[in-house]
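Heads up, the thing below is written out as structure tokens.
Residue numbers (our numbering): 379 to 485.
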């Protein structure tokens, strides 16, 4: 996750309260999505950005996960994400996100 996005997320969490935010990721790779989830929950693992050492504890999901898919109008989801689902390794992304949440007790 780039430093500018870290800065924006930290500012939103400070303004709105972490308990009022959910992060929806859309990255193409499972490992990168897991790292982004780690960044917004337990802090930047590279210790390079605004979230270094900052544990926001934000809820985090990937757009291809059922929790998100079921919360969005099916027509809109298909228009915006349908093509992406066909080319991504959706199972690997879901597994990475679920594993990360279970390891950090954020499920």
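Think of the CB as a built atom: it goes at the ideal place given N, C-alpha and C, for glycine as much as any other residue.
Notebook entry, point to check: Sorted by chain position, which residues of the same chain lie with C-beta nearer than 7 Å to residue 482's C-beta, five sequence neighbours on each side aside?
Noted result: Looking up residue 482 in the chain shown gives position 104. Around residue 482: 419 and 420.
Item checked: DSSP-derived helix/strand/coil call for residue 475 -> If you number the chain shown from 1, residue 475 lands on position 97. If DSSP states are grouped into helix, strand and coil, residue 475 belongs with the helices.
Check: Closest to residue 410 by CA distance: which of 461, 434 and 424 is it?
Finding: Counting from one through the chain shown, the residue named residue 410 turns up at place 32. Nearest option by C-alpha distance: 424.
Note to self: Quick check: the Cα distance between residue 506 and residue 441, rounded to an integer number of angstroms?
What the structure shows: No statement about residue 506 is possible, as the shown extent of the chain runs from 379 to 485 and does not include it.
Next item on the list: State the Cα-Cα distance for the pair residue 390 and residue 413, rounded to the nearest angstrom.
Entry: The residue given as residue 390 occupies position 12 in the chain shown. The residue given as residue 413 occupies position 35 in the chain shown. Their backbone Cα atoms lie some 20 Å apart in a straight line.
Margin query: One question on the structure: do residue 439 and residue 475 come within less than 8 Å of each other, judged by their Cβ atoms?
Written below: Walking along the chain shown from the start, residue 439 turns up at place 61. Walking along the chain shown from the start, residue 475 turns up at place 97. Yes; because the gap between Cβ atoms is below 8 Å, this pair is in contact.
Checklist line | Euclidean distance between Cα positions of residue 428 and residue 396 | finding: Here residue 428 corresponds to residue number 50 of the chain shown, with the count starting at 1. Here residue 396 corresponds to residue number 18 of the chain shown, with the count starting at 1. Distance between the alpha carbons of residue 428 and residue 396: 15 Å.
Check: Hey, would you say residue 437 sits closer than 8 Å to residue 401, going by beta carbons?
Finding: Translated into positions along the chain shown, residue 437 becomes position 59. Translated into positions along the chain shown, residue 401 becomes position 23. Yes.
Margin query: For residue 418, report the span of its alpha helix (DSSP H) as first-last.
Written below: Working through the chain shown from its first residue, we reach residue 418 at position 40. Per DSSP, residue 418 belongs to the alpha helix (DSSP H) from 408-419.
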